Each structure stands twice: as structure tokens, then as C-alpha cells.
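Numbering (our numbering), first residue to last: 30 to 292.
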Amino acid sequence: MNVNVFETLEDACHEAAYHIEALINRKHNAVLGLATGRTPLKLYEKIIHLHKQGLSFKDVTTFNLDEYYGLSENHPDSYRRYMAENLFNQVDIKEENTFIPSTTYGSHIRAGSEYDALIIEKGGIDLQILGIGINGHIGFNEPSTAFRLNTHLTALSKETMHVNKNIVQESMPTQAITMGIQSIFKAKSIIILASGKEKGNIIKKALNGLITPEIPLSILALHPNVLLFVDKAAYAVMTSDEDMPPTLPSPIPNKALSIRLNF
Ligand code: PGA
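Next comes the structure, spelled out in C-alpha cells:
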């Protein structure tokens, strides 16, 4: 995992957008893995800006990480709606090339395995954008989720429901369909975006301690092509001595292959 530190989350998002631009310039029919939440909003703003300058998404396919269970596509809290408003409606992507795990199929299992099969059919994800939860979840793979899972129905943790209830407009869903850790791990490359002290704290634990399902993010230390983009606030916590497990000698994330400061 290579760590890149930026002054602000916005700077990190802009760099991620340039990676997406470079990928599409190299491969017009690139397959992107996309995330929702607060973190990637500036990334999508920047992508829209790049689109206005000529970057085309007409051959691009996207797979979103997750969707709340039981919400219709037009529900104000659905991730389909989030993606439509924050990205899809503002670039030239074809709607039929945008995939989000379905919560409206008759069988969740079918929805899950179909989703993973579709990703493979489209050639696999070239670049997965990831946010992380303050408990280290990736997608909605909450602590204790088995690493081997593909796309599946899951219960949201209390912590996630607490954090996300401030951004849902109606009642907080309790379940979601999420790409599993195995589905995420299959992406050819991954950019993780994170900002602020709480995210810095869980990254520090993930990169310094054991690889464990208790911190889903920790498994990505084994992925061969991960860029972790953090802001200064997160990095300050990642490199502070506070709360370091007593057995570990150094506060520098010891699973980081390289650390680059971009400010
Ligand atoms: P956030 O969510 O970007 O709203 O902090 C990230 C996540 O839960 O994965």
C-alpha cells in the first residue's frame, strides 16, 4: 500500500480524478468501482469538471460498492439516486452501463452472485474507489465480516447506522447489499480516500496491527496495487505515538510501502 498525503481531502479527490482520467485516456472502456458517502463528493465534482473539458464516459462501465436494502431506486436515500445526482446525470455515461447491487431482486443470493459474475463478464474492475468507515469497514463489510465473501446482504453495524443517520433523509436502513471483501480485493487497482482524525485512527490500527476481519481495511495491505490518499489531519494521527499497541516500536505505518507528501 502506497500512502499519499495531501493538504486537504479536496486535493486528494482531485488527484483521484486525475487517475480516473488517465485510466480512461488509456482504456476508453475502463471499468470503475465507485463509492458513495461524504468522502468522494469532491471527486465526483472534479470528474464532472473534467467531463466538461472533454473527458468522455460513453464507453465506461461502473459498479457501485453497495446499496441500502429495500430502498427503491428513486428513494431519496438510495445510492442509485446519490450516483444519479452526483455523477451519472452530469456526464455522458450510459445508464445501462452503471451497476449498483440490486436490492429489489427476489433473492439476495441471486443478486449477489449475479453482481460478481457481471463484474467478471465486463472484464473486472480496473480501478476501485473506496472510502472507509471509522470502524474500518470497506463497502458495508463491517468488522467481523469473513474475507472470503462476495456480494451479499448484510446487517449494518450500530456504529455505521449512528454515523450515517445524519445523512439519510428518511429512516436509517438497517441492512444493505454490499460487494464482499473478496469482490473488492479482485479489483486491479484501488484508491482509498480518507480524511480527518477518526479515519486516521482506524488506518493506523489497520496498517500497524494484525490483518484481521475485525478491521476489514487491514486486508488491503496484502493487495498489490493500492494507493491510500489521506489528508494531513488523518496522517497526523496515523503517525502519532498515541494509542500505539505497546508491542509495536514505530508509529510509522509499517505496512506502507512508500509515503509521499504532496504539500
Ligand atoms: P463517508 O463514508 O465517506 O460518509 O465517511 C465512508 C464509508 O462509510 O465507507
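Ideal placement from N, C-alpha and C gives every residue a C-beta, glycine not left out.
Keep in mind it's a predicted model, so treat the numbers as computed, not measured.
Of the residues the options, the one placed nearest residue i, counting alpha carbons only
i    : options                : result
M201 : H104, H80, L84, Q119   : H104
S173 : R289, T241, L222       : T241
Q119 : Q82, V32, G141         : Q82
D145 : N164, P69, I248, A216  : A216
T91  : D270, P130, K226, H252 : P130
F176 : L251, E125, K228, A64  : L251
T203 : A184, H191, A235, N195 : A184
L100 : K233, S247, E199       : E199
A263 : I161, T127, E150, L182 : I161
I196 : T68, E243, S287, I288  : T68
Close Cβ partners of residue i (< 8 Å) along its chain, the five nearest in sequence each way excluded
i    : result
E114 : none
F35  : A41, E44, F258, V259, D260, K261, N291, F292
I53  : A59, L84, S85, F86, V89
I77  : L116, Q119, V120
T37  : S224, D260, K261
A265 : K226, G229
K56  : D155
For residue i: DSSP bridge partner residues
i    : result
A175 : In DSSP, A175 forms no bridge with anything.
F292 : DSSP output for F292 lists no bridge partner at all.
T91  : L61, T127
I220 : I158, L256
S287 : N31
E96  : I206
A113 : Beta-bridge pairing links A113 to no other residue.
N170 : I167
A184 : Q204
Through-space distance from residue j to residue i, alpha-carbon basis
i    : j    : result
N254 : R110 : 30 Å
Y186 : I49  : One detail in the question is off: residue 186 reads as Ser in this sequence, not Tyr. Distance between the alpha carbons of S186 and I49 is about 31 Å.
L306 : M267 : With the chain covering 30 to 292 only, the question about residue 306 has no answer from this structure.
E326 : Y108 : Given that the chain is displayed from residue 30 to residue 292, the structure contains no residue 326 and the question cannot be resolved.
G152 : G238 : 34 Å
N164 : E171 : 8 Å
N179 : E143 : 10 Å
Y98  : A205 : 4 Å
S279 : I231 : The predicted position of S279 is uncertain, since its pLDDT is 49 and thus under 50; no value can be drawn from it.
D106 : A285 : 35 Å
E125 : V192 : 32 Å
E271 : A51  : 38 Å
L79  : A46  : 8 Å
Q211 : S269 : 31 Å
K233 : S247 : 10 Å
K194 : E150 : 35 Å
7 Å Cβ shell around residue i - same chain, five flanking residues per side excluded
i    : result
G168 : L94, D95, T207, M208, I213
S85  : D121
M190 : M201, T203
I75  : With the sequence shown as reference, residue 75 is identified as Lys, and Ile is not the correct amino acid for it. Once the five neighbours on either side are set aside, the close Cβ partners of K75 are C42, H43, A46.
Cβ shell of residue i (< 6 Å), same chain only, five flanking positions each side left out
i    : result
K71  : E39, C42
L257 : M30, V32, I221
S218 : L156, N254
H303 : No information on residue 303 is available, as it lies outside the stretch 30 to 292 that the chain covers here.
L249 : V255
L63  : T91, N93, I158
T65  : Y108, Y111
I288 : V32
E243 : P172
Contact with chain C by residue i, beta-carbon distance below 8 Å
i    : result
S142 : Of the protein chains in the structure, only one exists, and it is not chain C.
(message) Please output, in chain order, the residues near the ligand PGA using a CB cut-off of less than 5 Å to any non-hydrogen atom of the ligand.
(response) G66, R67, T68, G160, G162
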